[in-house]
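In terms of the UniProt record's numbering, the sequence shown opens at residue 1 and continues consecutively.
From the three backbone atoms N, C-alpha and C, an ideal C-beta is built for every residue, glycine too.
All of these numbers come straight from a predicted model, not from anything done at the bench.
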Amino acid sequence: LIYSIYIVASNCFQTIQFSGQFYSFGINSGDAVSPQIDDGSSPVVSLAVSFPFFGQIYRQLYVNNNGFITFDSPSSTYVPFRFPARSGIDIIAPFWTDLDNRNNGIISYRQITFGSVLQQATRDINQYFPQIQFTARWVFIATWDRVAYYPTSGTETTFQVVLISGGTYSFVLMNYGIIAATGRGVEVSTSFGGVLFIAGYDTRTSDHHFLIPGSFESNITNLMHTSNVNVLGRWAFHTDSGNTGCMFNGNPVQVGDSFWSDSTCQSKCTCVSSGNLRCQSQPCGFDQVCQVSTFQYSCQTVQRRTCT
1 LIYSIYIVAS
11 NCFQTIQFSG
21 QFYSFGINSG
31 DAVSPQIDDG
41 SSPVVSLAVS
51 FPFFGQIYRQ
61 LYVNNNGFIT
71 FDSPSSTYVP
81 FRFPARSGID
91 IIAPFWTDLD
101 NRNNGIISYR
111 QITFGSVLQQ
121 ATRDINQYFP
131 QIQFTARWVF
141 IATWDRVAYY
151 PTSGTETTFQ
161 VVLISGGTYS
171 FVLMNYGIIA
181 ATGRGVEVST
191 SFGGVLFIAG
201 YDTRTSDHHF
211 LIPGSFESNI
221 TNLMHTSNVN
231 VLGRWAFHTD
241 SGNTGCMFNG
251 NPVQVGDSFW
261 SDSTCQSKCT
271 CVSSGNLRCQ
281 SQPCGFDQVC
291 QVSTFQYSCQ
301 TVQRRTCT
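Given below as structure tokens:
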């Protein structure tokens, strides 16, 4: 899919085209449109094929305007949880932040049970997970197209989440277009003075969770240049079940998760594969502080000011 992006410079318009990894979307593709309500949600969507998600089987979902999907009930929460949150809620969050679709931007969605989209999903999943012989039976696509941050209506952010089910196996794709800069500092707290972003997923007890690198940091706006499947702007996850990955001090660590192992945050560890925990010297950056997070430690970005 090709997008035309208009940039204002020197009192003229410059058109830049880039090839995105988005599945087809919009009214012309048959999408339903979410209500234009700040902190709103779609009506309940009954699923034509069940969607397994780490031990739960879901037959309904909600598309929440603030950039995430829930299953049991809609959510108006605009300050994202930090995963692992152990919130008692299963969450798929392609880009959870405080969004506002009242003045600009369209949030749309649809489910597909036949045709070329299923073929596209089948090809994608077999490319990214070749050890599984997979055939897609159902695809759900939700797209946030040029939606603004609250309260800055002039910003435009575009991203998409694709849920794919074969009945037994399930997968999630997260696709990213241009993510607008906020023009404000990003705070790692629940205070309202900054803008918080999170991308990834979390389960009820956080036994399975994933944070795309950059979550809660300003560089998450570079998502269209990142990937875990060598396709820029796309992240792919196998979500029907999973193993615990690695163990650290008796606690499970999922494959792909990173943390710092001590209170000085000198050594960063990553679970690179099942049972393979790799650690290396990597202290926090200048604008970060070492803070405890459950059984581990993390480097969290802080705003620094010069005293006068």
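When you compare each of ARG204, THR157 and GLY166 to ILE220 by their alpha carbons, which one comes out closest? THR157
Please classify VAL8: does DSSP put it in a helix, a strand, or coil? For VAL8, the predicted structure reports a pLDDT of 29, less than 50, and the residue's modelled location is therefore unreliable. A value from the coordinates is still provided. The answer is strand: DSSP assigns VAL8 an E or B state.
State the Cα-Cα distance for the pair LEU196 and ASN66, rounded to the nearest angstrom. 11 Å
Cα-Cα separation between TYR149 and THR155, rounded to whole angstroms: 6 Å
From SER267 to ASN249, what does the alpha carbon distance come to, in whole angstroms? 15 Å
Between ILE141 and the ligand GDP, is the CB less than 6 Å from at least one heavy atom? For the structure depicted, the ligand GDP is absent and the ligand set is empty, with no information on it obtainable.
Given this structure, state the Cα-to-Cα distance separating PRO283 from GLN296, to the nearest angstrom. 14 Å
In chain order, which continuous runs of the alpha helix (DSSP H) of length 4 or greater are located wholly inside the UniProt domain "NIDO" (94 to 242)? 116 to 128
Kindly list the residues whose CB is nearer than 6 Å to the CB of CYS12, restricted to its own chain and excluding five residues on each side of it in sequence; keep chain order. For CYS12, the predicted model reports a pLDDT of 31, less than 50, meaning its position is unreliable; a value from the coordinates is still stated below. Contacts found: none.
So, with DSSP's three-state summary, where would you put ILE37? coil
Going by C-alpha distance, which of ARG102, ILE178, VAL33 and TYR201 is nearest PHE54? TYR201
Alpha carbon of SER206 to alpha carbon of ARG86, nearest angstrom: 5 Å
Can you tell which of SER46, ARG204, VAL253 and SER227 has its C-alpha closest to the C-alpha of GLN56? ARG204
What span of residues does the beta strand (DSSP E) with GLN280 cover, start to end? 276 to 281
Quick one: what's LEU61 bridged to in DSSP? VAL45
What are the boundary residues of the beta strand (DSSP E) that PHE259 is part of? 258 to 260
Rounded straight-line distance, which links the Cα of CYS265 to that of CYS290: 6 Å
Would you decide whether residue 313 is buried or exposed? Buried here means 16 or more other CB atoms lie within 10 Å of its CB. The structure shown does not extend to residue 313, since the chain is modelled only from 1 to 308, so the question has no answer here.
Pull up the DSSP beta-bridge partners for TYR297, would you. TRP260 and VAL292
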